[in-house]
Structure formats: C-alpha cells, structure tokens
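A short worksheet on the structure shown next.
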Amino acid sequence: MNQPLAYVHPNAKLAKNVVVEPFASISSDVEIGEGTWIGPNVTIMDGARIGKNCKIFPGSVISAEPQDLKYKGEETHVFIGDNTVIRECVTINKGTEALGYTQVGSNCLIMATVHIAHDCIVGDHVIIANNVALAGHVEIDDYVIIGGMSPVHQFTKVGKHAMIAGGTLVRKDVPPYVKAARDPISYVGINSIGLRRRGFESEKIAEIQSIYRILFQKKLNVTQAVQMIETEMEATPERDEILQFLTDSSRGVMRGYNPNGNF
Numbered sequence: 111m112n113q114p115l116a117y118v119h120p121n122a123k124l125a126k127n128v129v130v131e132p133f134a135s136i137s138s139d140v141e142i143g144e145g146t147w148i149g150p151n152v153t154i155m156d157g158a159r160i161g162k163n164c165k166i167f168p169g170s171v172i173s174a175e176p177q178d179l180k181y182k183g184e185e186t187h188v189f190i191g192d193n194t195v196i197r198e199c200v201t202i203n204k205g206t207e208a209l210g211y212t213q214v215g216s217n218c219l220i221m222a223t224v225h226i227a228h229d230c231i232v233g234d235h236v237i238i239a240n241n242v243a244l245a246g247h248v249e250i251d252d253y254v255i256i257g258g259m260s261p262v263h264q265f266t267k268v269g270k271h272a273m274i275a276g277g278t279l280v281r282k283d284v285p286p287y288v289k290a291a292r293d294p295i296s297y298v299g300i301n302s303i304g305l306r307r308r309g310f311e312s313e314k315i316a317e318i319q320s321i322y323r324i325l326f327q328k329k330l331n332v333t334q335a336v337q338m339i340e341t342e343m344e345a346t347p348e349r350d351e352i353l354q355f356l357t358d359s360s361r362g363v364m365r366g367y368n369p370n371g372n373f
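Our numbering puts the first residue of the sequence shown at 111, with every later residue one more than the last.
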C-alpha cells in the first residue's frame, strides 16, 4: 500500500504488500520484498535491494552514493536481508568499485543514527546501537553487538559473537567470542552470557576461554600464541575459527587483558 503523498518511481519493484508511508521517496532501481514497511520521510535510492518483513523508520537514507572520492558513479548496490529493523535517521551508503556493494544481513537491529559506509559487510543477527559509525570496508560477523557511540576504523574486522562496549574506539580487529572495551580497545573477557543465550555449553565456553588466556594473558606475541594454541588446544571448529581470524587479520588484533587498566 502506497500513501498518495509518497513518491515511488514506476520502475521500482515492490512486492504487493509493501507499505510506503507519506513523504517517502523510492527511486527507480530499487527492489523491496514482501511485508516490508517503509516509514515516513525515508529515502531509498538506486541500487537498494531490501528483503522481506523489514522495517525502515523515518529519516533513514538507504543506498546513497558513497562518501568516497574514488567513487565515479559506477553501478553499485546495498543489500539488506530479511526481518531487519533500521531505526530513525540511519544512513547506509552503496558500495564502490572496490567491492561493488554494501551488505546488511537478516534479523539485524540497526538503531537510530547509525552510519554504515561503503563496502561494509554486516552479518546476520547483528545489533548496532545508536550513533555507531562504521567506516568503509568494515566487516562485522554474525551475532555481534556494538554499543552506542562507537566509531569503527576502516578495514577493521569484528568476529562473530563478539560484544563491544559503548563508546569504544575500534581501531584494531576484534576476534570472535570476546568482549572488548577501554581505550585503546582491549580484551576484557569472553562474551559468556551471549554465548549461553545462543546455546553454547559450559565446556565449549571454557575451551574458548582457554584459547584466549593463551593469546591475551601469557604475554606472548600473536605468532607465539598461535603456535601454542595449535600445539596445546584440541582442534575444534571454534579453535580453528579463532586461529583463522588471527592469521587473516591485516590491522592486527586488539590489546590483551590488563587488570589495572594501565597502558
């Protein structure tokens, strides 16, 4: 159902039961899936591909041109999965030729005034709180929670099930399953509550904790820690995922635990 005061380009592809509220604007090269609600004053620009049963709240701008000088008008996209909620005044920019798209997964909650820049990849079941800003080429894996007012440096990666405290400046990669906080960003433990909520058994959480004790609490460099983890820890999907993340990190991982908070 389109309100008469909304603008929907005749070439836009909207499923029959999409609701478009007054003063929304939807451009030509846009596709929106069944059951999605587009709130008042939302702007959806060329290149947007939005899934089913999403909610996009007033003032949001989806698929605007990237704020990147290397963008030369090439055709790029924004992909948003099913059942994702985008709150007020969120901005999600389309990709550049470097990747070609920006992606937000399914079942995500993107809270008010979040900015997701060009070529970012956000996984499924991600919660990003108010006023978070993701710079270009950031990768956020599944089930990550980012607290409000946290800026994330370009090309940074955050592993799945990680939790970042509000107001944390994220300038280093954050491995899977951990909690991160402080300045500079540092390891402050395992996201054990989140893991339990998602069905992880106590034995598995203890295994993950043992891996990170080697990495963050034995005063080893990353190469030494990887060697010890490979030698002392039984091969499991979680161990191998952590090792792969450490190996692939281009920005380097965050600091280890310091109980005194001195750096």
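We put the CB at the ideal spot given by N, CA and C, even for glycine. The structure presented is a predicted model; accordingly, all values stated were derived computationally and were not measured.
Asked	Found
CB contact flag (VAL118, VAL130, <8 Å)	yes
Status (buried if at least 16 other CB within 10 Å, exposed otherwise) for GLY375	Since the displayed the chain opens at 111 and closes at 373, residue 375 lies outside it and no answer follows.
Three-state secondary structure assigned by DSSP to SER138	coil
Pick from ALA291, TYR211, GLN319 that is closest to SER302, judged by C-alpha positions	GLN319
THR201 versus ILE250 - alpha carbon distance	17 Å
Own chain, CB closer than 7 Å to GLU207, minus 5 neighbours either side, in chain order	GLU184
Sequence-distant residues of the same chain with beta carbon closer than 6 Å to ILE237, five excluded per side	LEU219, ILE255
Reduced DSSP category for PRO120 - H, G, I as helix; E, B as strand; rest coil	coil
Member of GLY366, SER173, HIS271 whose CA lies at the smallest distance from the CA of ASP252	HIS271
Residue closest to VAL284, alpha-carbon to alpha-carbon, out of TYR297, ASP293, VAL195	TYR297
ARG197 - DSSP class collapsed to helix/strand/coil	coil
Spatial distance of GLU144 from ALA122 (CA atoms)	14 Å
Three or more C-beta pairs below 8 Å linking the stretch 352-366 and the stretch 315-333	yes
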